[in-house]
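Novice:
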Amino acid sequence: MDAQRILMGVVGRPHGVRGLVRVHSYAAVPADLASYGALSDDRGQSWTLSWRGEGIAALTDASGRTIADRDEAAKLVNRKLFVTRDRLPEPDEDEFYLADLVGMRAVERTEAGERSLGKVLAVHDYGAGPSLELEGGALVPFTRACVPDISVAENRLVVAMPDEMEVRDERNGDDPS
1 MDAQRILMGV VGRPHGVRGL VRVHSYAAVP ADLASYGALS DDRGQSWTLS WRGEGIAALT
61 DASGRTIADR DEAAKLVNRK LFVTRDRLPE PDEDEFYLAD LVGMRAVERT EAGERSLGKV
121 LAVHDYGAGP SLELEGGALV PFTRACVPDI SVAENRLVVA MPDEMEVRDE RNGDDPS
């Protein structure tokens, strides 16, 4: 994913028959998503969002046409909505955007020092909270317990491996245990 685009929302299921959709906003104040103006989706299309109720929005494409029926709205389900980084405020010193984690070196502290776990390949959020995908296939819950230390300046994060961890077997995609 382009490091200059920050995921700010996801289109959910249709609401009613007139083309409205549920939108999950990742903005600190969810209603602020509409204030960013044009949002680009994961297919390169541009959309403007206007709220019609809490979490319910109308979407207008770049040509100025508003989605007007349920069937058309259903085609947009799970569409990711992005804002370019330059339109967002800079995070405070102890803050970061989840996109900043992609590419960071992940290390585990051991009695012998630090052991490299590879780089963060992606940040996933399937609804139960974000998780980090590391090189080698490890999925680590993005919680303070599992990721206790993050240094954007050093491009490094510390991972405390959970006891039970999902790891893909590169040969067949199965959990090797």
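In the UniProt record's numbering, the protein residues as written are 1 to 177.
We treat Cβ as the ideally placed atom computed from N, Cα and C, and that holds for glycine.
#1: In terms of DSSP beta bridges, what is residue 21 paired with?
#2: Return the bridge partner residues of residue 133 from the DSSP annotation.
#3: Can you tell which of 112, 100, 129, 128 has its C-alpha closest to the C-alpha of residue 157?
#4: Would you mind working out which of 5, 22, 152, 128 sits nearest residue 92, comparing C-alpha positions?
#5: I'd like the list of long-range same chain contacts for residue 168, defined as Cβ closer than 6 Å, with 5 residues on each side in sequence excluded.
#6: What are the start and end residues of the beta strand (DSSP E) that includes residue 70?
#7: In the DSSP assignment, find the beta strand (DSSP E) that holds residue 149 and state where it starts and stops.
#8: Would you report the Cα separation of residue 154 and residue 15, rounded to the nearest angstrom?
#9: Between residue 25 and residue 71, what straight-line distance do the alpha-carbon atoms span, to the nearest angstrom?
#10: So is residue 9 buried or exposed if we call it buried at 16+ other beta carbons inside 10 Å?
#11: According to DSSP, residue 224 sits in a beta bridge with which residue or residues?
#12: Can you check which of these residues, 160, 32, 28, is closest to residue 179 by C-alpha distance?
#13: Any idea what DSSP makes of residue 109, helix, strand or coil?
Specialist: Let's see:
#1: Beta-bridge pairing links residue 21 to 14, 57.
#2: Beta-bridge partners assigned by DSSP to residue 133: 122, 139.
#3: Closest option to residue 157, judged by alpha-carbon separation, among 112, 100, 129, 128: 100.
#4: Nearest C-alpha to residue 92 among 5, 22, 152, 128: 152.
#5: No answer about residue 168 holds up, because its pLDDT of 46 lies below 50 and its placement is not dependable.
#6: Counting along the chain, residue 70 falls outside any beta strand (DSSP E), though it belongs to the alpha helix (DSSP H) covering 70–74.
#7: Taken as a continuous stretch (DSSP letters only), the beta strand (DSSP E) holding residue 149 covers 149–151.
#8: Going by the C-alpha atoms only, they are around 45 Å apart.
#9: Looking at the two C-alpha atoms, the distance is approximately 22 Å.
#10: Looking at its Cβ environment, which holds 16 or more other Cβ atoms inside 10 Å, residue 9 is buried.
#11: In the structure displayed, the chain extends from 1 to 177; residue 224 sits before or after that span and is not available.
#12: Residue coverage of the chain in this structure runs from 1 to 177, which leaves residue 179 outside it and unanswerable.
#13: Strand at residue 109.
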